[in-house]
């Protein structure tokens, strides 16, 4: 492990100032002391005379073969350094080739703060991984088990199973659909003591717990693994590697799993907050902020794909009368019902937003004015034909005014 008291000698090759600042920030967050040397290109290695470099951050946007050749050059000069490639390219075959050439880790550009934190964390484990002489296949698994890429606990469990398959021959795998069934079966098989029972309970209630060792005997191991929300499997596995069980299940694996689950939890929380910030609280439709984001996206793409799009500006006629006569509660329910009618009449690629008050905007990708007119007529006629509930025994009819704009004009 890298000692926090020592200065980490880092070489940055071809990095822009934004990437360098992101790396510095992550190093400081991990309380690591460091010294960074800078080169513009791999070719400058010939005149670089520093003897000790522990980490190299290397930018490349070149073809895979050229990048691999550069990694080999770096690895030849600093064979014990952890080389991290920064690139906007994410070609999986190219990355695998880079690992075979001596790459330690990979960062996509622009740098994501979760990814750089994970890379710096792994950098501290470089000596452990290097002393274990990981083969390229393990290294690739090490790369693609990046926790920030997971969207659900099932993803993490699948990566864990890949990891275990590197070291173990799985002799038995029993899936349990519920915690109760799993506990009953395990208790019957192992005659659990109260202490063991409490330990398993703690594991099941721990959001960072994903694997639990039930029994180790010689080279055979019994595990409990969480495979999803309230889903479990019982594994019997035989160690087929030269690694000790402690090395396999602790250090790298346990820490990465905890990092994976904590980042997953934080990611879900951020996604929920973002969803709320882009959603109208009354109708559940997208709001103005989301409309601006989507318009910026489609306008930015136009120079590349030349695809037109149109907007429908939808206004409910005399809606103020509804609020004045029946109150805002009834008015809000009519807005919800109107949103449902609009969505029914649209294609799967169309998007509808509440712009404010009784105004809606519909985004129609790949649609010119003539196509949009047909959709506008269909929406208008469906609303005229609909009856909206005001009270249990009262119906109300509405009409719309719709304007159309096409981009580009």
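In the working numbering, the protein residues as written are -14 to 394.
Each residue gets a CB set at the ideal place from its N, CA and C atoms; glycine is no exception.
In this text, all values refer to a predicted model and were calculated from it rather than measured experimentally.
Residue environment, residue 122, which counts as buried when at least 16 other CB atoms sit within 10 Å: The residue you call residue 122 lines up with position 137 of the chain shown. At residue 122 the pLDDT is 40, less than 50, meaning the model places this residue with poor confidence and gives no usable figure here.
For residue 10 and residue 102, I'd like the C-alpha separation in whole angstroms. Counted from its first residue, the chain shown places residue 10 at position 25. Counted from its first residue, the chain shown places residue 102 at position 117. The alpha-carbon of residue 10 is positioned some 9 Å away from that of residue 102.
Cβ-Cβ distance between residue -4 and residue 22 below 7 Å: Locating residue -4 in the chain shown gives position 11, counting from the first residue. Locating residue 22 in the chain shown gives position 37, counting from the first residue. Yes, the pair counts as a contact, with Cβ atoms nearer than the cut-off.
What separation, rounded to the nearest whole angstrom, lies between the Cα atoms of residue 279 and residue 346? Reading the chain shown from its first residue, position 294 is the one you call residue 279. Reading the chain shown from its first residue, position 361 is the one you call residue 346. Here the C-alpha atom of residue 279 lies approximately 12 Å from the C-alpha atom of residue 346.
Straight-line CA distance for residue 96 to residue 48? Here residue 96 refers to the residue found at position 111 of the chain shown. Here residue 48 refers to the residue found at position 63 of the chain shown. Residue 96 and residue 48: Cα-Cα distance of roughly 20 Å.
Inter-residue Cα distance where the pair is residue 12 and residue -8: On the chain shown, residue 12 is found 27 positions in, with the first residue counted as 1. On the chain shown, residue -8 is found 7 positions in, with the first residue counted as 1. Roughly 11 Å separates the two Cα atoms.
Return the CA-CA distance between residue 66 and residue 93, expressed in angstroms with no decimal places. Numbered from 1 along the chain shown, position 81 holds the residue referred to as residue 66. Numbered from 1 along the chain shown, position 108 holds the residue referred to as residue 93. So the two alpha carbons sit approximately 20 Å from each other.
Could you tell me if residue 32 is buried or exposed, where buried requires 16 or more neighbouring beta carbons within 10 angstroms of its beta carbon? If you number the chain shown from 1, residue 32 lands on position 47. Per the 10 Å Cβ criterion, exposed.
Could you pull the DSSP bridge partners for residue 220 from this structure? Start at 1 with the first residue of the chain shown, and residue 220 comes out as number 235. Note: residue 220 sits in a beta bridge opposite 158 and 208.
Pairwise C-alpha distance: residue 359 and residue 296: In the chain shown, the residue the question calls residue 296 occupies position 311. In the chain shown, the residue the question calls residue 359 occupies position 374. Looking at the two C-alpha atoms, the distance is approximately 13 Å.
Mind checking residue 268: buried by the 16 CB within 10 Å criterion, or exposed? Taking the first residue of the chain shown as position 1, residue 268 is located at position 283. Counting Cβ neighbours within 10 Å, residue 268 comes out buried, since at least 16 surround it.
Can you tell me whether residue 384 is buried or exposed, with buried defined as 16 or more other CB within 10 angstroms of its CB? Translated into positions along the chain shown, residue 384 becomes position 399. Classification for residue 384: exposed.
Using three-state DSSP, classify residue 35 as helix, strand or coil. Indexing the chain shown from 1 puts residue 35 at position 50. When DSSP states are grouped into helix, strand and coil, residue 35 belongs to the coil group.
Within the continuous alpha helix (DSSP H) that includes residue 288, where are the two ends? Your numbering for residue 288 matches position 303 in the chain shown. 273 to 290 is the extent of the alpha helix (DSSP H) around residue 288.
Compare the C-alpha of residue 276 against each of 350, 174, 301 and 178 and name the closest. Looking up residue 276 in the chain shown gives position 291. The shortest Cα separation from residue 276 among 350, 174, 301 and 178 belongs to 350.
Residue 391, DSSP secondary structure in three states: What you label residue 391 is simply residue 406 of the chain shown in a count that begins at 1. Residue state, collapsed to three classes: strand.
For residue 354, count neighbouring C-beta atoms within 10 Å of its own C-beta (all shown protein chains included) and say buried if the count is 16 or more, exposed if not. As a working mapping, residue 354 is identified with position 369 in the chain shown. Flag for residue 354 reads exposed.
Identify every residue that forms a DSSP beta bridge with residue -8. Against the chain shown, residue -8 aligns to sequence position 7. Answer is 18, bridged to residue -8.
Measuring only the C-alpha atoms, how far is residue 328 from residue 387? As a first step, residue 328 must be located in the chain shown, where it is residue number 343. As a first step, residue 387 must be located in the chain shown, where it is residue number 402. Computed Cα separation, rounded: 15 Å.
Taking a contact to mean a Cβ-Cβ separation below 7 Å, would you say residue 58 touches residue 38 in this structure? The residue labelled residue 58 in the question sits at position 73 within the chain shown. The residue labelled residue 38 in the question sits at position 53 within the chain shown. Their beta carbons are not under 7 Å apart, which means residue 58 does not touch residue 38 by this criterion.
For the beta strand (DSSP E) that residue 381 lies in, which residues bound it at each end? Within the chain shown, numbered from 1, the residue matching residue 381 stands at position 396. Residue 381 -> beta strand (DSSP E) spans 379 to 381.
Outcome for residue 70 when other beta-carbon atoms lying within 10 angstroms are tallied against a minimum of 16: On the chain shown, position 85 is the one that residue 70 refers to. Taking all protein chains in view, the Cβ of residue 70 is crowded by 16 or more other Cβ atoms within 10 Å, so the residue is classified as buried.
Do you know how far the Cα of residue 87 is from the Cα of residue 118? Looking up residue 118 in the chain shown gives position 133. Looking up residue 87 in the chain shown gives position 102. At residue 118 the pLDDT is 46, less than 50, meaning the model places this residue with poor confidence and gives no usable figure here.
On the criterion of 16 or more Cβ atoms from any shown chain inside 10 Å, does residue 321 qualify as buried, or is it exposed? Position 336 of the chain shown holds residue 321. Exposed.
Check whether the Cβ atoms of residue 318 and residue 364 sit closer than 7 Å, and answer yes or no. Residue mapping note: residue 318 aligns to position 333 of the chain shown, counting from 1. Residue mapping note: residue 364 aligns to position 379 of the chain shown, counting from 1. In this structure, residue 364 does not lie closer than 7 Å to residue 318 by Cβ.
Taking residue 184 as part of the alpha helix (DSSP H), name the residues at either end of that continuous run. Along the chain shown, one-based indexing puts residue 184 at 199. Per DSSP, residue 184 belongs to the alpha helix (DSSP H) from 179 to 190.
Per-residue DSSP class, three states only, for residue 8: Counted from its first residue, the chain shown places residue 8 at position 23. Here residue 8 sits in helix by DSSP.
Taking a contact to mean a Cβ-Cβ separation below 7 Å, would you say residue 223 touches residue 174 in this structure? Counted from its first residue, the chain shown places residue 223 at position 238. Counted from its first residue, the chain shown places residue 174 at position 189. No, these two residues do not count as a Cβ contact at 7 Å.
Taking residue 206 and residue 197 to be in contact with their CB atoms under 8 Å, please state how far apart those CB atoms are, rounded to whole angstroms. One-based indexing of the chain shown puts residue 206 at position 221. One-based indexing of the chain shown puts residue 197 at position 212. Contact between residue 206 and residue 197 does not hold, since the beta-carbon distance rounds to 11 Å and is not under 8 Å.
Please tell me whether residue 217 and residue 168 are closer than 7 Å, where the distance is taken between their beta carbons. Counting from one through the chain shown, the residue named residue 217 turns up at place 232. Counting from one through the chain shown, the residue named residue 168 turns up at place 183. Cβ atoms of residue 217 and residue 168: not closer than 7 Å.
Pair within 7 Å by beta-carbon distance, residue 82 and residue 105: As a position in the chain shown, residue 82 is number 97, starting the count at 1. As a position in the chain shown, residue 105 is number 120, starting the count at 1. Against a cut-off of 7 Å, the Cβ pair of residue 105 and residue 82 comes out as no contact.
Identify every run of the beta strand (DSSP E) within the region 286 to 331, keeping only runs that are complete inside it and at least 3 residues long; order them along the chain. If you keep only unbroken beta strand (DSSP E) runs of at least 3 residues inside the region 286 to 331, you get 294 to 301.
Please name the residue or residues paired with residue -2 in a DSSP beta bridge. Here residue -2 is taken as the residue at index 13 of the chain shown, counted from 1. Beta-bridge pairing links residue -2 to 24 and 43.
Where DSSP assigns a beta bridge to residue 348, which residues make up the other side? Taking the first residue of the chain shown as 1, we reach residue 348 at position 363. Residue 348 is bridged to 296 and 336.
Specify the secondary structure class of residue 90 as computed by DSSP and reduced to three states. Locating residue 90 in the chain shown gives position 105, where the first residue counts as 1. In the three-state reduction of the DSSP assignment, residue 90 falls in the strand class, which pools E and B.
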